[in-house]
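Note that full-length UniProt numbering has the sequence shown beginning at 1, numbered continuously upward.
All residues carry an ideal CB built from backbone N, CA and C; glycine is no exception.
To start, the structure under review is shown below, and the notes come after it.
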Amino acid sequence: MLARPFLTPGFTAPGAQTAWCQIQNQSVTPPIAKGVESPCSVAGIRDLADWTNPAYPWQRVRQKMPGVPCLFGLDQNPPGSKISIRASGLARTVKMWRQFQGVSTDRTEKADLGLALWERRHWVQVAAVETFLRSEAQSLGATDPSVVALRAAWTEYNKARNLRADRIRQQMLYRCWEWCIERTGKPRESITEFLLEPTYLQYSFEVIEWAQASEDWLGELATLDDRQPWRNCWVDAPASHPFNTTFAPCNPQVPTFVPRGMTQAEVVSGLMVDPSLPSASVTAPWAAQASVGGASGRPSQEGEDEGVSESSPSHSSVPAPADEPATAQGSDLDVLANIASTTEV
């Protein structure tokens, strides 16, 4: 699948294309020095593989996600209800959304799809680990028990991760996007704006790598997420989420993205509406409480970042299309356009 539909999926709601570009332009790997080594231990690798542990980083993220989506309702498909694998329309969307949130209602729903989204945004760089393993083998010998154990633990984790990555790619690209994007004369089956749903982690254009500097992988992850909250799609900094700064202000029917444990007032109080938006398009009533002209949702030079609470939106749908399709500003596509012609998503 070539990248062009990913750049411009065909949004029609005001602010949607700009918000999409802001999210994707931040979702890229910060520079990693060539040849860097990532120290590892069997215990550290196994901790990273233990994703069902309630204290696991992704589990903490999903526990903060709202229990209802922002762009569609659950009235017809409440939590715990069985949805057929042959379902269509909204029911099909809800079934996929559950899995992206890490929820499995029955054996046809795979909770680790949500983990795969998280891993895609926290991708342990293979080259850095392999460099360390080669160094250990040269120092201790390839048959040293500690080296053999390290290699086995890493191989097992990396294989499982790659399998999950393949499955999330199939589900996201050949199901969700096919439903939401009009291509080669085939009409879309769902509203394109569903791709902006903020209550699960966004599927990034590429895997977003990181190279840890110590054997404490989980400890370094906590520091990484504090420094780069966009990796977890701003669940810890919702006032900076482009959904809230750029999309929701232009669509009063859409609730703001409010993580569990927070209120809309708390999110809005720290929110700055994207200054690139035409003032006439900022129509959400709560936007008057937010600042206008502050952060534009783009990362700093160093690559670091600084609704309704839990209820389901009563409208249960995204806004009706505007008279004219929303278009991206030229600079918004810069990061993505550089690789669009050669990259497969």
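Of the other Cβ atoms in all chains shown, fewer than 16 fall within 10 Å of the Cβ of E156; this residue is therefore exposed. C-alpha of V148 to C-alpha of Q138: approximately 12 Å in a straight line. Taking the CA atoms as reference points, R183 sits about 13 Å from L7. Excluding its 5 nearest sequence neighbours in each direction, G270 has C-beta neighbours in its own chain below 8 Å: A239, listed in chain order.
For T246, the number of other beta carbons within 10 angstroms of its own is at least 16, and it is reported as buried. DSSP, read as helix, strand or coil, puts W230 in helix. In chain order, P39, E220 place their CB closer than 8 Å to the CB of S214, counting only its own chain and leaving out the 5 sequence neighbours on each side.
The beta carbons of E109 and R92 sit no closer together than 7 Å. I168: member of the alpha helix (DSSP H) spanning 145-171, first to last residue.
Bridge pairing for K186: R183 [DSSP]. Residue K82 holds the alpha-carbon nearest to the alpha-carbon of S104 among N25, K82, P249. Straight through space, the alpha carbons of A116 and V273 are spaced by roughly 31 Å. DSSP places C21 inside the alpha helix (DSSP H), whose first and last residues are 16-26. Under the DSSP assignment, E266 falls in the alpha helix (DSSP H) whose first and last residues are 264-269. At a Cβ-Cβ threshold of 7 Å, P198 and F243 count as neighbours. DSSP, read as helix, strand or coil, puts V124 in strand. In this structure E119 is not in contact with A152, their Cβ atoms being roughly 20 Å apart against a cut-off of 8 Å. For the 7 Å CB-CB criterion, T283 and F11 do not form a contact.
Taken atom to atom, the span from the alpha-carbon of D112 to that of A280 is near 42 Å. Closest in alpha carbon position to P249, among D216, Q202, S27, W286, is W286. For K34, the closest C-alpha among the options W51, V129, Y56, G44 is that of V129.
For I83, no alpha helix (DSSP H) segment is defined, and its DSSP state is neither H nor E. Taking a C-beta distance under 7 Å as the contact criterion, V267 and K64 do not qualify as a contact pair. Selection R107, N158, P69, C70 evaluated against S84 yields R107 as nearest (Cα-Cα).
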